[in-house]
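As structure tokens, the structure follows; a few thoughts come after it.
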Amino acid sequence: SPRTLQVGQPRCKIAFLIINDLFPPFLCNSCQTGPVIDMPVPASFNDITQDPSLENYIGWVWYEKEVQLPLRWLQDDLNTRVVLRFGSAHYYSIVWVNGVQVMEHEGGHLPFEADISSIIQGSPGIPCRITVALNNTLTPHTLPPGSIQYMNDKTRYPKNYFVQNIRFDFFNYAGIHRPVVLYTTPSVYIDDITVTTTSSESVAMVQYQVSVVGSTLYSLSLSLRDQEGKVVATGDGPSGELKVLNPNLWWPYLMHENPGYRYSLEVKMQAQANGALLEDVYTLPVGIRTIHVTSTQFLINGRPFYFHGVNKHEDADIRGKGFDWPLVVKDFNLLRWLGANSFRTSHYPYAEEIMDLCDAYGIVVIDECPGVGIKMSESFGNKSLQHHLVVMEELIRRDKNRPSVVMWSVANEPASELPPAGYYFKTVIAHTKALDPSRPVTFVTDANYALDHGAPYVDVICVNSYFSWYHDPGHLEVIPLQLTTQFENWYKTYQKPIIQSEYGADSVPGLHSDPPLMFSEEYQKAMLREYHSVFDKKRKEYVIGELIWNFADFMTNQGTTRVLGNKKGIFTRQRQPKSAAFVLRERYWKIANESSCLPPIIKSHALFLK
Ligand code: GCB
Numbered sequence: 030s031p032r033t034l035q036v037g038q039p040r041c042k043i044a045f046l047i048i049n050d051l052f053p054p055f056l057c058n059s060c061q062t063g064p065v066i067d068m069p070v071p072a073s074f075n076d077i078t079q080d081p082s083l084e085n086y087i088g089w090v091w092y093e094k095e096v097q098l099p100l101r102w103l104q105d106d107l108n109t110r111v112v113l114r115f116g117s118a119h120y121y122s123i124v125w126v127n128g129v130q131v132m133e134h135e136g137g138h139l140p141f142e143a144d145i146s147s148i149i150q151g152s153p154g155i156p157c158r159i160t161v162a163l164n165n166t167l168t169p170h171t172l173p174p175g176s177i178q179y180m181n182d183k184t185r186y187p188k189n190y191f192v193q194n195i196r197f198d199f200f201n202y203a204g205i206h207r208p209v210v211l212y213t214t215p216s217v218y219i220d221d222i223t224v225t226t227t228s229s230e231s232v233a234m235v236q237y238q239v240s241v242v243g244s245t246l247y248s249l250s251l252s253l254r255d256q257e258g259k260v261v262a263t264g265d266g267p268s269g270e271l272k273v274l275n276p277n278l279w280w281p282y283l284m285h286e287n288p289g290y291r292y293s294l295e296v297k298m299q300a301q302a303n304g305a306l307l308e309d310v311y312t313l314p315v316g317i318r319t320i321h322v323t324s325t326q327f328l329i330n331g332r333p334f335y336f337h338g339v340n341k342h343e344d345a346d347i348r349g350k351g352f353d354w355p356l357v358v359k360d361f362n363l364l365r366w367l368g369a370n371s372f373r374t375s376h377y378p379y380a381e382e383i384m385d386l387c388d389a390y391g392i393v394v395i396d397e398c399p400g401v402g403i404k405m406s407e408s409f410g411n412k413s414l415q416h417h418l419v420v421m422e423e424l425i426r427r428d429k430n431r432p433s434v435v436m437w438s439v440a441n442e443p444a445s446e447l448p449p450a451g452y453y454f455k456t457v458i459a460h461t462k463a464l465d466p467s468r469p470v471t472f473v474t475d476a477n478y479a480l481d482h483g484a485p486y487v488d489v490i491c492v493n494s495y496f497s498w499y500h501d502p503g504h505l506e507v508i509p510l511q512l513t514t515q516f517e518n519w520y521k522t523y524q525k526p527i528i529q530s531e532y533g534a535d536s537v538p539g540l541h542s543d544p545p546l547m548f549s550e551e552y553q554k555a556m557l558r559e560y561h562s563v564f565d566k567k568r569k570e571y572v573i574g575e576l577i578w579n580f581a582d583f584m585t586n587q588g589t590t591r592v593l594g595n596k597k598g599i600f601t602r603q604r605q606p607k608s609a610a611f612v613l614r615e616r617y618w619k620i621a622n623e624s625s626c627l628p629p630i631i632k633s634h635a636l637f638l639k
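Throughout the sequence shown, residue numbering follows this note's numbering, covering 30 to 639 in sequence.
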């Protein structure tokens, strides 16, 4: 886009100072400055140093950095709007520019930004000082929820000792996790675009809505180009429809020889303001595709889609949850090597850069919000509910135009057997559908089918189970019966298609045992085979997907069932395959090869077949 997207030098050092080590959170008035250290952005702060108290730190941390802005951003002050944007920060953030508070944001995993023009344009020549206070404390009303527990027994714990309790199974990394950028727009600018698509074989319609902020006197013109750069449709005004003849549809990876086809929608705004002609131009990739859910199928462009994919985490050595391009590209290469056509963003929205690659490669996404570990009854109250609705608004605003996103997941394994879960999920799901009527909505459950109060409101049943692991550990032979019963119970109750949204077993790479014993690579493989034989029967009926838990090993809180983290990855944390990865790869390519358009697919993906 011709907007001057600039700088922030996202990958540079940022001054970081800790205050209040083991000081009660949210009480900052008597704080003392602690050590100041260099901290990379983006990164989690936890694993960067050798200091165990920083690794497990709960409370406020401060980041500060000065940047020099281009002079022309400051001179043309009436017509240039300067925006400071964070891709995400964990969890509660307050941001100041030159000592003036410019924004506050609650929750990680999603972007937030502020117009800082009036502050920096008033004092040209002065560097722009960005100060961020972050607090990673979780409460029963945050997403994810958590709670602080003070240990008051003075014979066992030091004074003011507390721990943060969480009900989710990944390390609670914190810091500025995604790029920070400064960018400009004209003072009258395109604030948002919403695009939806419908299509038949020979003609597609692209519905658009554009919102402009800063003036009511503006004109808009739109043009849609194909990948050769040819204009295939034009339009004008803030809303309308573009007609595309013989459209190239957006297809998932392995369903078409040219997956991830995107047109380019150029939206041009012109406005008169302050005696000048202002122009804002925004280019949005547009994938034309449709989604329908029946009682037994998930249809993309009218064809049955079977999710053969993974659950992931944003997690790696040293950087924690910090965004890292080499890691992201490696993961996409592994996904395609595996023959995976989809993943769920367990258990929070992933970086926008990751979502861009899903759109481009045709990797289908179940886009999950950070509603993980909603277990306490207080977390089903109105305060939590209102926050959950806001988080869904932020997520949908960010990801609504992405063709790869085919379904929203509003939570993972909540205590949906509790009675208040009924009203809670009814409301969150209705709100999500009102914001985006074009996509199905689900949440992922591990509750008993007969007791789940949220399931009546979902479009697709997503169920997690760990037979022969958490239940009947070591007894692989119970899987066929228990898994079959699981599917049959859910289907007879709801007549909705079902995704096995998690199943898995830990394995320590290099640990071998035959006959297979738990934690060996052989056990993980044997568990897969038992599950797969049932999937193969039920996918002929109403099972529409299988997502392994997990793509890669990942860090968790310490505990007696975790050996340097969760080892259910089919790849190690360093992204090397365990034996199970080869079992899954054979299966996923076989399933892909059963679909109708195979010969061209195999050729075009020869790289990943070797
Ligand atoms: C689950 C959770 C996931 C855990 C996994 C496990 O049900 O959804 O976050 O990591 O089980 O390995 O226990």
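Every residue gets a Cβ at the ideal spot worked out from N, C-alpha and C, and that includes glycine. Keep in mind it's a predicted model, so treat the numbers as computed, not measured.
Alpha carbon of residue i to alpha carbon of residue j, nearest angstrom
i: residue 196; j: residue 402; result: 5 Å
i: residue 50; j: residue 160; result: Unreliable placement is indicated for residue 50, whose pLDDT of 27 sits below 50; the coordinate value is still reported in the next sentence. Roughly 19 Å between the two C-alpha positions.
i: residue 256; j: residue 243; result: 33 Å
i: residue 448; j: residue 439; result: 18 Å
i: residue 618; j: residue 558; result: 15 Å
i: residue 495; j: residue 531; result: 8 Å
i: residue 81; j: residue 87; result: 12 Å
i: residue 123; j: residue 506; result: 53 Å
i: residue 263; j: residue 252; result: 4 Å
i: residue 335; j: residue 574; result: 5 Å
i: residue 387; j: residue 375; result: 15 Å
i: residue 372; j: residue 137; result: 20 Å
i: residue 68; j: residue 366; result: 34 Å
i: residue 330; j: residue 118; result: 36 Å
i: residue 578; j: residue 560; result: 12 Å
i: residue 246; j: residue 522; result: 55 Å
i: residue 278; j: residue 326; result: 20 Å
i: residue 268; j: residue 94; result: 41 Å
i: residue 281; j: residue 569; result: 20 Å
i: residue 433; j: residue 187; result: 50 Å
8 Å contact criterion, which residue i and residue j should meet: CB distance rounded
i: residue 140; j: residue 110; result: Between residue 110 and residue 140 the Cβ distance is about 17 Å, and since that is not below 8 Å, they are no contact.
i: residue 121; j: residue 163; result: 7 Å
i: residue 216; j: residue 254; result: Contact flag wrong, Cβ pair sits at about 28 Å.
i: residue 172; j: residue 420; result: 5 Å
i: residue 556; j: residue 497; result: 6 Å
i: residue 487; j: residue 515; result: Not really, about 16 Å apart at Cβ, beyond 8 Å.
i: residue 340; j: residue 580; result: 7 Å
Any non-hydrogen atom of the ligand NAD closer than 8 Å to residue i Cβ
i: residue 501; result: Absence of the ligand NAD is noted for the structure shown, with the ligand GCB being the only ligands found.
Status (buried if at least 16 other CB within 10 Å, exposed otherwise) for residue i
i: residue 542; result: exposed
i: residue 526; result: buried
i: residue 620; result: buried
i: residue 529; result: buried
i: residue 546; result: exposed
i: residue 101; result: exposed
i: residue 241; result: buried
i: residue 610; result: buried
i: residue 450; result: buried
i: residue 347; result: exposed
i: residue 198; result: buried
i: residue 260; result: exposed
i: residue 76; result: buried
i: residue 477; result: exposed
i: residue 285; result: buried
i: residue 306; result: exposed
i: residue 220; result: exposed
For this session: For the segment 469-489 and the segment 436-456, state whether three or more C-beta atom pairs, one from each stretch, are separated by less than 8 Å.
Result: Yes, the segment 469-489 touches the segment 436-456.
For this session: Only counting runs of 3 or more residues, tell me where the beta strand (DSSP E) segments fall wholly within the segment 466-518, in order along the chain.
Result: Correct list: 470-474, 490-493.
Exercise. Any contact of the segment 376-392 with the segment 148-163, i.e. 3+ C-beta pairs under 8 Å?
Worked result: In short, these stretches do not touch, since the Cβ pair count stays below three.
For this session: Taking 8 Å as the threshold, find out whether the segment 299-316 comes into contact with the segment 545-553 through three or more Cβ pairs.
Result: Judged by Cβ distances under 8 Å, the segment 299-316 makes no contact with the segment 545-553, as fewer than three pairs qualify.
For this session: Report yes or no: do the segment 347-366 and the segment 302-309 share at least 3 C-beta pairs separated by less than 8 Å?
Result: The segment 347-366 is not in contact with the segment 302-309.
For this session: At 4 residues or longer, and completely inside the segment 235-313: list those alpha helix (DSSP H) runs for me, N to C.
Result: Here no run is fully enclosed.
Exercise. Using 8 Å as the Cβ pair cut-off and three pairs as the minimum, do the segment 462-470 and the segment 164-179 touch?
Worked result: The segment 462-470 and the segment 164-179 do not touch, with fewer than 3 CB-CB distances between them shorter than 8 Å.
Exercise. What are the start and end residues of each continuous beta strand (DSSP E) run of 3 or more residues lying completely inside the segment 547-583, in chain order?
Worked result: Runs found: 572-577.
Exercise. Does the count of Cβ pairs from the segment 222-238 and the segment 264-278 closer than 8 Å reach three?
Worked result: A contact between stretches requires three or more CB pairs, one per stretch, nearer than 8 Å, and the segment 222-238 meets this requirement with the segment 264-278.
Exercise. Is the segment 561-578 in contact with the segment 322-342, if contact means three or more CB pairs nearer than 8 Å?
Worked result: Yes: at least three Cβ pairs fall under 8 Å.
Exercise. In chain order, which continuous runs of the alpha helix (DSSP H) of length 4 or greater are located wholly inside the segment 371-408?
Worked result: With a minimum length of 4 residues, the continuous alpha helix (DSSP H) runs that stay inside the segment 371-408 are 381-390.
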